[in-house]
Amino acid sequence: MRSIQVFFSLFLLILLQACQSKADVEAVKNHITGYWEIEKAELPDGSEKDYTINSTIDYFELKEDQTGVRYKVVPQFNGEYLTNDMPEAFTIAEKEGAVWLMYKTDFATWEERVISVNEEQMVMENENKIKYFYKKAQKIQITE
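Residue numbers (our numbering): 4 to 147.
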């Protein structure tokens, strides 16, 4: 009886893992381009840092050849964005059953794993195991 419970527990755990929403290359291609705002960061120890106000947001642009660029941009009150003119070039790669953004600039190289991405949310994890939870950024519009 005990072995049946263990078997079903393991089966359920495997089934839940398989059903989790994971990023694949097609999901990244379809959803990453755009303006993304960090909502929170989760540190490896489980603690969280909320980002209630962001002075910059990330703009990702992906090309058809699976190369792309990320800019830090500053939202303006007229709905436009100012860029820092310091692009971070990346390529998409699949390894270890996950999708990775491989960055290369004049100053550094690094990787980030795309855990999940859809039209409205994205979760990425950097090399230090810090998870960043993004939401699609909304333009600032001030009307009279």
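Glycine included, every Cβ here is placed at the ideal spot set by N, Cα and C. If you're wondering where the values come from, they're calculated on a predicted model, not measured in any experiment.
So, helix, strand or coil for residue i, using DSSP?
i           : result
residue 132 : coil
residue 66  : coil
residue 101 : strand
residue 142 : coil
residue 115 : strand
residue 30  : helix
residue 46  : coil
residue 86  : strand
residue 53  : strand
residue 137 : strand
In the DSSP output, which residue or residues are listed as bridge partners for residue i?
i           : result
residue 72  : 64 and 92
residue 37  : 63
residue 124 : 138
What does a CB cutoff of less than 7 Å around residue i pick up in its chain, not counting 5 residues either side in sequence?
i           : result
residue 43  : 51, 52, 53, 54 and 136
residue 26  : 102, 117, 118, 119 and 120
residue 28  : 95, 97 and 102
residue 112 : 106
residue 130 : 113 and 114
Assuming residue i and residue j make a contact with CB atoms under 8 Å, what is their CB distance in whole Å?
i           : j          : result
residue 142 : residue 82 : 4 Å
residue 57  : residue 75 : Wrong, their Cβ atoms sit about 10 Å apart, outside the cutoff.
So, for residue i: in the same chain, excluding its five sequence neighbours on each side, which residues have a beta-carbon less than 8 Å away from its beta-carbon?
i           : result
residue 35  : 63, 65, 71, 117, 120 and 125
residue 133 : 44, 45, 46 and 47
residue 127 : 104, 115, 116, 117, 118, 134, 135 and 137
Taking 6 Å as the limit between beta carbons, can you name the residues of its chain near residue i, skipping five residues before and five after?
i          : result
residue 73 : 61, 63 and 91
residue 38 : 60, 62 and 140
residue 77 : 59 and 85
residue 13 : Only weak support exists for where residue 13 lies, its pLDDT of 46 falling under 50; the value from the coordinates is given anyway. There are no such residues.
With a threshold of 9 Å between beta carbons, is residue i in contact with chain B?
i          : result
residue 34 : The structure shown contains no chain B, having only a single protein chain.
Count Cβ pairs between the segment 86-94 and the segment 103-114 that sit closer than 8 Å; are there 3 or more? yes
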